[in-house]
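> Numbering (the working numbering), first residue to last: 108 to 669.
Structure in structure tokens, see below.
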């Protein structure tokens, strides 16, 4: 029941400037009226006639007590309650304030489209270039993309994450200027990283074509780092504009590459085409967003962003380094074929991991915005993690249950021996989802240094465990080390006092869907179900169990669609 709001401030009583009327419940459940007049609270107000407004208040409270008998008394009308909040006055369950954005629903769909567009364009270019460049130039292209990505894209990715979190918390009038200053910092860091990479490359190789392509490729990455518009669109959750900007830039890159192919250009021309599209993205972003994001120097902003970003970049580097060490150990002890088995299994789990990666494009700014209220970011992260686990559990279970036929289908009969490896790595897809949410949550609340300590410890444990298991178990031992490190890292976040309050709600939220999914997978194993029957169990029985047990409600579906 909703009451009209008075233009004079009080929703019910037009005489509140002279007196205030309070209602209290009696022992019998009735309502008595008292007045606070002339400084004498509690004096009976028998002389004041019962107005229509007061009668409406009494009827509203009486109806509320009959309909909601279990509601706590403090949610009823009382003298200390702000009468302008109608929902609070009549005991409504929800606030009139709009809920903060969760990053799910429409923004998440746009994030998936954005990442899918980037990956598909990159894959298309990588698949076509061997036909045009030849084997030697294609090898140079692949090397430079990976090499420059380490020196420029890795630190710039960390800077973009912390910049998006800052922009999400900024006032609407300040966000353009902050985005421009942040882009100036990203440009400087990318310039330093690119220069360091090129100097090291010049000292180690004597390949003029490789050095020329590297210089042009580094310039293209500089242009990507200098644009403030992608971070700004993400931070304000304008994900439709974000996808539009990426689509326009990708279309331009494909068109320029087609012109290079027709003209017979080589490696340098390919990097020129990609870099020109990145430069054009600056103009496209300005047309889409408008002026105001000027690349002005700001020493305080530079120090703050670098201080927040370096632990995040170091965390990523620690994990990547530990994985590379294990693969080198596997290569030395068991040969290239064993590395191939591990790589094939990892490719399948990494494909599932693209969904959390895409979702974080919109979830990170939502978490940063929710962090302004106590426990707000943890609540938003809880919803994101639960939704991800619910969606990813069926494909992860399918990889574990039917590892051998899946590997043979995708990679051929020679990869059937990787089935035990894939069964170990399949749960890592779910851990990757919760890990992505926890990482972005800690970035949103400014806990990057704690994240670095935990990640470094998990990486060291991965190397130690891998060194113990790989000599005897090969690729299976490496996969077990990967999985154990992922589990240990999240358990450490749960155990540390500094991160327990953030991690506990997220990890607790995924337990019910994990339990139901494990039950569905166990039923498929116990029944000896074929692939079609097992898939039906995962795609029909599992969602039905989620709904019947109340793990997923209509309110959840409405939030995820919003």
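Note that beta-carbon positions come from the ideal geometry of N, C-alpha and C, so glycine has one too.
1. Please classify residue 192: does DSSP put it in a helix, a strand, or coil?
2. Shorter than 7 angstroms, the distance from the beta carbon of residue 280 to the closest heavy atom of the ligand ATP, or not?
3. Report all residues from its chain with a CB closer than 7 angstroms to the CB of residue 527; omit the five preceding and five following residues, and keep chain order.
4. Could you have a look at residue 480 and say whether DSSP puts it in helix, strand or coil?
5. Is there contact here, the stretch 449–459 with the stretch 511–522, by at least three beta-carbon pairs under 8 angstroms?
6. Ends of the alpha helix (DSSP H) at residue 444?
7. Taking residue 284 as the reference, give the member of 326, 261, 316, 338 with the closest Cα.
8. Taking the continuous alpha helix (DSSP H) assigned at residue 392, which residues delimit it?
9. Residue 278: which of 305, 617, 490, 342 sits nearest, CA to CA?
10. Grouping DSSP H, G and I as helix and E and B as strand, with all else coil, what is residue 665?
11. If you drop the 5 nearest sequence neighbours on each side, which residues of the same chain put their C-beta closer than 7 angstroms to that of residue 412?
12. Are residue 666 and residue 211 close, meaning C-beta to C-beta below 8 angstroms?
13. What did DSSP end up calling residue 411 once you bin it into helix, strand or coil?
14. Would you decide whether residue 480 is buried or exposed? Buried here means 16 or more other CB atoms lie within 10 Å of its CB.
15. Per DSSP, what kind of secondary structure is residue 401 in: helix, strand or coil?
16. What did DSSP end up calling residue 511 once you bin it into helix, strand or coil?
17. Which same chain residues end up closer than 8 angstroms to residue 534 when comparing Cβ atoms and leaving out the 5 residues on each side of it in sequence?
18. Specify the secondary structure class of residue 345 as computed by DSSP and reduced to three states.
19. Residue 541: which of 518, 462, 520 sits nearest, CA to CA?
20. Where are the alpha helix (DSSP H) runs, 4 residues long or more, that stay fully inside the stretch 247–323, in chain order?
21. Consult DSSP for residue 656 and reduce its assignment to one of helix, strand or coil.
22. Okay, do the stretch 322–331 and the stretch 428–442 touch, 3+ Cβ pairs below 8 angstroms being the bar?
23. Can you name, in chain order, every residue of its own chain whose Cβ lies under 8 angstroms from the Cβ of residue 547, other than the five neighbours on each side?
24. What do you reckon, are the CB atoms on residue 224 and residue 357 nearer than 8 angstroms?
25. Go ahead and label residue 427 buried or exposed: buried means 16 or more other beta carbons lie within 10 angstroms of its beta carbon, across all protein chains shown.
26. Let me confirm a value: residue 656 is counted as buried when at least 16 other C-beta atoms fall within 10 Å, else exposed. Which label applies?
27. Pop quiz: residue 608 and residue 485 are said to be a contact at Cβ under 8 angstroms. What is the actual Cβ separation, rounded to whole angstroms?
28. What separation, rounded to the nearest whole angstrom, lies between the Cα atoms of residue 659 and residue 560?
29. Decide if the stretch 383–392 is in contact with the stretch 346–361; the criterion is three or more beta carbon pairs, one per stretch, under 8 angstroms apart.
30. Is residue 544 closer than 8 angstroms to residue 640 when the C-beta atoms are compared?
31. Buried or exposed: which applies to residue 431, given that a residue is buried once 16 or more other Cβ atoms fall within 10 Å of its Cβ?
32. Got a sec? Which residues, its chain only, sit under 7 angstroms from residue 286 by beta carbon, not counting five neighbours each side?
33. Taking all protein chains shown into account, do 16 or more other C-beta atoms lie within 10 angstroms of the C-beta of residue 394, making it buried, or fewer, making it exposed?
34. Helix, strand or coil: which one does DSSP assign to residue 553?
35. Reducing DSSP to helix, strand and coil, say where residue 211 ends up.
So, from the data block:
1. In this prediction, residue 192 has a pLDDT of 39, which is less than 50 and means its spatial position is unreliable; what the coordinates show is noted afterwards. When secondary structure is reduced to three states using DSSP, residue 192 falls in the coil class, being assigned neither helix nor strand.
2. The ligand ATP is not part of the structure shown, which contains no ligands of any sort.
3. By the criterion of a C-beta distance shorter than 7 angstroms, residue 527 is surrounded in its chain by 583, once the five residues flanking it on both sides are discounted.
4. Here DSSP, grouped into helix, strand and coil, assigns residue 480 to coil.
5. As far as the Cβ criterion goes, the stretch 449–459 touches the stretch 511–522, which means the pair count is three or higher.
6. For residue 444, the enclosing alpha helix (DSSP H) covers residues 443–459.
7. Distances from the CA of residue 284 to each of 326, 261, 316, 338 were compared; the closest alpha carbon is that of 338.
8. 374–396 is the extent of the alpha helix (DSSP H) around residue 392.
9. If we check each option's Cα against that of residue 278, 342 comes out closest.
10. Residue 665 carries a helical assignment under DSSP once its states are collapsed to helix, strand and coil.
11. These residues qualify, in order along the chain: 266, 269, 270, 289, 292.
12. Yes, these two residues count as a Cβ contact at 8 angstroms.
13. Reduced to three states, the DSSP call for residue 411 is helix.
14. If you draw a 10 Å sphere on the C-beta of residue 480, you find fewer than 16 other C-beta atoms in it, and that means exposed.
15. Correct three-state label for residue 401: coil.
16. Assigned with DSSP and collapsed to three states, residue 511 falls in helix.
17. 503, 507, 590, listed in sequence order.
18. DSSP places residue 345 in coil when its eight states are reduced to three.
19. Among 518, 462, 520, the Cα nearest to that of residue 541 belongs to 462.
20. Here the runs fully enclosed are 261–276, 282–311.
21. The answer is coil: DSSP assigns residue 656 none of H, G, I, E or B.
22. The answer is no - the stretch 428–442 does not touch the stretch 322–331, with fewer than three Cβ pairs under 8 angstroms.
23. 268, 467, 470, 471, 474, 488.
24. Taking 8 angstroms as the Cβ cut-off, residue 224 and residue 357 qualify as a contacting pair.
25. Per the 10 Å Cβ criterion, exposed.
26. By the neighbour-count rule (16 or more Cβ atoms within 10 Å), residue 656 is not buried but exposed.
27. About 7 angstroms; that satisfies the 8 angstroms criterion.
28. Counting only the Cα atoms, residue 560 lies some 35 angstroms from residue 659.
29. Segments in contact, yes.
30. At a Cβ-Cβ threshold of 8 angstroms, residue 640 and residue 544 do not count as neighbours.
31. A residue is called buried once 16 or more other Cβ atoms fall within 10 Å of its Cβ, and residue 431, having fewer, is exposed.
32. The answer, listed in chain order, is 274, 335, 338, 339, 400.
33. By the Cβ neighbour-count rule, residue 394 is exposed, with fewer than 16 other Cβ atoms within 10 Å of its own.
34. In the structure shown, residue 553 sits in coil (DSSP, three-state: anything other than H, G, I, E or B).
35. Looking at residue 211 - three-state DSSP - the assignment turns out to be coil, as it is neither helix nor strand.
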